[in-house]
Amino acid sequence: MTILNEYNAVGHNSFPCEAAEQHEKRLRGVHDEGLNVEILLFISSWNSILFGFFLDVSPFQAPAPNQYPVGSQIATPQRHRTEDPMASFFPIFNPWRTVKIAPKEEERLSPHSRDDQGNTPLHQAAMRGLKAEAMSEIQNGADLNATNKDGNTPLHLAAQARHGKVASLLVKLGARTDISNKDGDTPLHLVAATGHVGIAVRLADKTGVARTNKRGDTPLHIAARTAQDHMYTFLLSRGSRRDVENEDGETPRRLYGF
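Here the sequence shown is numbered in my numbering, starting from 22 and rising by one per residue.
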């Protein structure tokens with residue numbers, strides 16, 4: 022089919038006949054010189070694609086701004102994505118490559134929000150030892166003494182996880198050290214089982230060492246039961262008694278061995 026016939030077939034009846042004939046003659050002349058017109062057209066199309074890739078100028082029409090929602094998957098262009106068999110062999114030059122739009126930064130959670138365990142963001146920061154995040158939550162109005170479903174405050178969780186810096190921060194900023202959780206444990210009871218004497222020093226200075234939980238255990242009972250030698254010695258130095266019996270009749274002396 023000639024160039025003139027092609028234009029007439031797709032509805033370009035207004036194309037000048039003389040111009041069509043001249044264009045066809047030029048193409049025939051190139052063909053006569055030994056070059057295939059289809060190869061030239063293929064090279065030309067890929068040149069435009071390659072230059073568009075490196076110069077950030079797409080050979081296709083770019084999508085309008087804000088046309089796609091944040092976080093969505095878009096492709097450029099949407100049509101004819103699989104027509105070019107060469108695209109699978111040269112993925113780096115593939116003009117139909119998928120583009121990921123970066124999502125916007127998530128909004129900050131409220132300092133009073135809760136997870137399914139009743140933990141606030143300050144609880145989460147305390148149990149993970151994230152001092153900067155804990156300070157940020159406090160500055161945003163977080164409750165230092167908020168309790169989760171187990172009755173634990175952020176100070177309980179920081180002490181239990183041996184995060185001395187966060188525990189010290191909470192105590193310094195006014196967190197209560199005498200709050201008991203559902204088992205009757207204060208933060209000192211929880212830290213007694215970990216052996217972290219540094220945290221115990223700050224807590225004992227505030228609440229003393231004689232508080233008992235629902236089992237009747239003092240922190241010294243717990244240190245003796247878990248064989249925390251340094252903690253046991255420290256609590257004795259602060260006046261904890263070895264002869265106090267819990268509900269099972271156990272004393273720290275008996276649990277520790279002497």
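Ideal Cβ positions, reconstructed from N, Cα and C, are used throughout, including at glycine.
Computed from a predicted model, the values in this text were never measured in an experiment.
- For Phe255, the enclosing alpha helix (DSSP H) covers residues Asp250 to Ser258.
- When the Cα atoms are used, Asp264 and His133 turn out to be separated by approximately 43 angstroms.
- DSSP, reduced to helix, strand and coil, places Ile159 within a helical segment of the structure shown.
- If you draw a straight line from the Cα of Asp250 to the Cα of Ala225, it comes to about 17 angstroms.
- The C-beta of Asp199 has fewer than 16 other C-beta atoms within 10 Å across all chains shown, which makes the residue exposed.
- Tyr277 and Ala248 have their alpha carbons spaced roughly 7 angstroms apart.
- Taken in chain order, the unbroken stretches of alpha helix (DSSP H) that lie wholly in the region 175 to 231 and span 4 residues or more are 175 to 181, 185 to 193, 208 to 213 and 218 to 228.
- Only exposed fits Ser131, as fewer than 16 other CB atoms lie within 10 angstroms of its CB.
- Inclusion of Ala179 and Ala221 in the CB contact set at 8 angstroms is not warranted, their separation being larger than that value.
- In this structure, Leu241 and Ser258 do not form a Cβ contact; the two beta carbons are roughly 11 angstroms apart against a cut-off of 8 angstroms.
- The C-alpha of Asn234 is placed about 25 angstroms away from the C-alpha of Lys193.
- Its chain contains Asn202 and Lys203 as the residues whose beta carbon lies nearer than 6 angstroms to that of Gly172, once the 5 sequence neighbours on both sides are disregarded; these appear in chain order.
- Within 10 angstroms of the beta-carbon of Ala245 lie 16 or more other beta-carbons, which makes it buried.
- Here Glu154 has Ala146 as same chain residues with Cβ atoms under 6 angstroms from its own Cβ, once five neighbours each way along the sequence are excluded.
- Counting along the chain, no alpha helix (DSSP H) covers Gln138, and no H or E run does either.
- According to the DSSP assignment, His133 belongs to no alpha helix (DSSP H), since it is labelled neither H nor E.
- Annotated three-state conformation of Glu266 is coil, per DSSP.
- In this structure, DSSP gives Arg236 a state outside helix and strand, which the three-state scheme calls coil.
- When the beta-carbon positions are compared, His210 and Ile243 come within less than 8 angstroms of each other.
- Thr168 is the residue among Thr168, Arg236 and Ala231 whose C-alpha sits nearest the C-alpha of Arg197.
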